[in-house]
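Structure first, then comments.
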Amino acid sequence: MNSALFINGLRFVLLVLTQVLIFNTLNFLGFINPLVYVIFFYWYPIKSNRALFMLTAFLLGFMIDFFSDTLALHSIASVTVAYIRPVIMRFCFGVNYEFQNFSFRNTTKIQRLTFLGLLVLIHQVVFFSFEVMSLSHFLLILKKVFATGIVTLIICALFSSLFSPQSE
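Last residue of the sequence shown? That's 521 in our numbering, and every number before it is there in order.
Structural data, given as structure tokens:
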């Protein structure tokens with residue numbers, strides 16, 4: 354248990370530093386900044402305390418907001434993704450998710466990529482909807498969600514394949 358706590362804490366710190374120091378300074382095509390810290394929700398243990406997960410998601414978003422000066426946009430998106438994560442897992446992995454011995458090892462790559470893609474999509478939709486805060490700019494929201502979401506998904510998939518835990 355202490356090992357899992359240490360690893361998740363290390364991931365937390367490294368993802369915050371990576372997001373703030375590297376990815377927030379990138380500006381592909383003038384508006385694409387990958388939000389790679391979303392992979393934390395993919396890597397977080399499945400059968401862990403839900404209240405602790407929600408608190409950790411809030412703290413992750415808060416830390417990114419604090420260093421990025423984004424007025425709780427990351428916090429709102431992170432808590433939303435953390436809250437919806439069990440529904441997404443049930444959708445992607447079916448009834449297998451309900452069993453105690455569920456592991457990513459028993460799933461296909463397509464299921465894992467779909468799960469990661471849905472996490473990224475929901476995060477991006479919430480984030481950019483609150484950033485723009487106007488339905489009259491629906492196409493702008495869609496453009497940002499699509500462009501940033503694709504780049505974020507590609508980078509998160511690369512991170513997942515390079516740094517995935519051994520238990521997967």
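Glycine included, each C-beta is placed from N, C-alpha and C at the ideal position.
Under 8 angstroms between C-beta atoms of residue i and residue j
| i | j | result |
| --- | --- | --- |
| residue 399 | residue 434 | no |
| residue 483 | residue 437 | no |
| residue 493 | residue 485 | yes |
| residue 445 | residue 473 | no |
Neighbourhood of residue i by C-beta distance below 7 angstroms, restricted to the same chain and skipping five residues each side
| i | result |
| --- | --- |
| residue 417 | 369, 372, 373, 390 and 427 |
| residue 465 | 457 |
| residue 423 | none |
| residue 460 | 446 |
Extent of the continuous alpha helix (DSSP H) run through residue i
| i | result |
| --- | --- |
| residue 387 | First-last for residue 387: undefined, no H or E at that position. |
| residue 464 | 462-485 |
| residue 368 | 355-371 |
| residue 427 | 426-446 |
Best match in the options for proximity to residue i [C-alpha to C-alpha]
| i | options | result |
| --- | --- | --- |
| residue 512 | 460, 486 and 392 | 392 |
| residue 497 | 361, 365, 360 and 380 | 380 |
| residue 362 | 375, 378, 396 and 376 | 396 |
| residue 366 | 420, 501 and 441 | 420 |
| residue 425 | 516, 481 and 499 | 481 |
| residue 377 | 402, 501, 356 and 516 | 501 |
| residue 499 | 404, 479 and 514 | 479 |
| residue 439 | 463, 487 and 404 | 404 |
| residue 462 | 488, 514 and 489 | 514 |
| residue 402 | 358, 448, 443 and 441 | 358 |
Neighbourhood of residue i by C-beta, 6 angstroms cutoff - its chain only, sequence neighbours within 5 removed
| i | result |
| --- | --- |
| residue 520 | In this predicted model, residue 520 has a pLDDT of only 47, less than 50, meaning its place in the structure is not dependable; the value taken from the coordinates is given anyway. Excluding positions up to five away in sequence, the list is empty. |
| residue 431 | 410, 413 and 414 |
Cβ-based neighbour list, residue i, same chain, cut-off 8 angstroms, excluding 5 preceding and 5 following
| i | result |
| --- | --- |
| residue 364 | 393 and 396 |
**Report entry** Contact between the region 379-393 and the region 503-512 (3+ Cβ pairs under 8 angstroms)
**Finding:** Contact holds: three or more Cβ-Cβ distances are below 8 angstroms.
Report task. State whether the region 464-475 contacts the region 408-422, with contact taken as three or more CB pairs (one from each stretch) at a distance under 8 angstroms. Result -> No, the region 464-475 does not touch the region 408-422.
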